[in-house]
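Student:
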């Protein structure tokens, strides 16, 4: 699979995102962490299902084609091996093809499975990257999973006590629309700015505030 996370933002856009986080954190004690990953899961079953479907289809077509052409000829005992032979030979080829071509793989993954895997990956990343360990429990993760084209926002308990978790759908919508319009860099910067505005009233900057977390995480896998 291509380096989706590495190609999601240009070098200039990455620097602009970092500056946006730094600017937003000048007005709030909240710790905003945008994180971009290539994919939330590898979906191995999609490779198998897709390869099986394509190889079965090819095996049927080849078998029928040979049978029709030999309709008036004496059948050979080798004919019975055409279907399993084509199936066995083509399956690993299609499996590797689907594994490498993400637009094909996506055809064999349900929307429910995508939502489940992205949510799980976002939650795991939240704690793995230390967002649950900030001093005032004010970490907020903007999690972008490029392959799935999904955005998930998670806030720590300190924020959720004062800000309705449903508020973060606005941030999701800003980034998602930007991705669809192929302007993900500016959209992410706008989302970060909006996070700062939403947090400012309940979590103003403190005199001894420090930058506790990374301002941008790009994770290739």
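Numbering (my numbering), first residue to last: 144 to 364.
Glycine is no exception: its CB is placed at the ideal position from the N, C-alpha and C atoms.
In this text the structure is predicted, and so the values were computed from the model without any measurement.
1. If you drop the 5 nearest sequence neighbours on each side, which residues of the same chain put their C-beta closer than 7 Å to that of residue 273?
2. Can you tell me whether residue 233 is helix, strand or coil according to DSSP?
3. Below 8 Å on the Cβ atoms is my guess for residue 148 versus residue 361; work out the distance and round it to an integer in Å.
4. How should residue 165 be labelled, buried or exposed, when 16 other C-beta atoms within 10 angstroms of its C-beta is the threshold for buried?
5. May I have the straight-line CA-CA distance separating residue 319 from residue 253, to the nearest angstrom?
6. Give a yes or no on whether the C-beta atoms belonging to residue 255 and residue 288 are separated by under 8 Å.
7. Is DSSP giving residue 348 helix, strand or coil here?
8. Taking residue 164 as part of the alpha helix (DSSP H), name the residues at either end of that continuous run.
9. Can you check DSSP and say which residues form a bridge with residue 293?
10. Smallest Cα separation from residue 250: which of 194, 234, 271?
11. Should residue 269 go down as buried or exposed, given a rule of 16 or more other Cβ atoms within 10 Å for buried?
Tutor: With the structure as the only source:
1. 356
2. helix
3. 5 Å
4. exposed
5. 19 Å
6. no
7. coil
8. 154 to 167
9. 288
10. 194
11. buried
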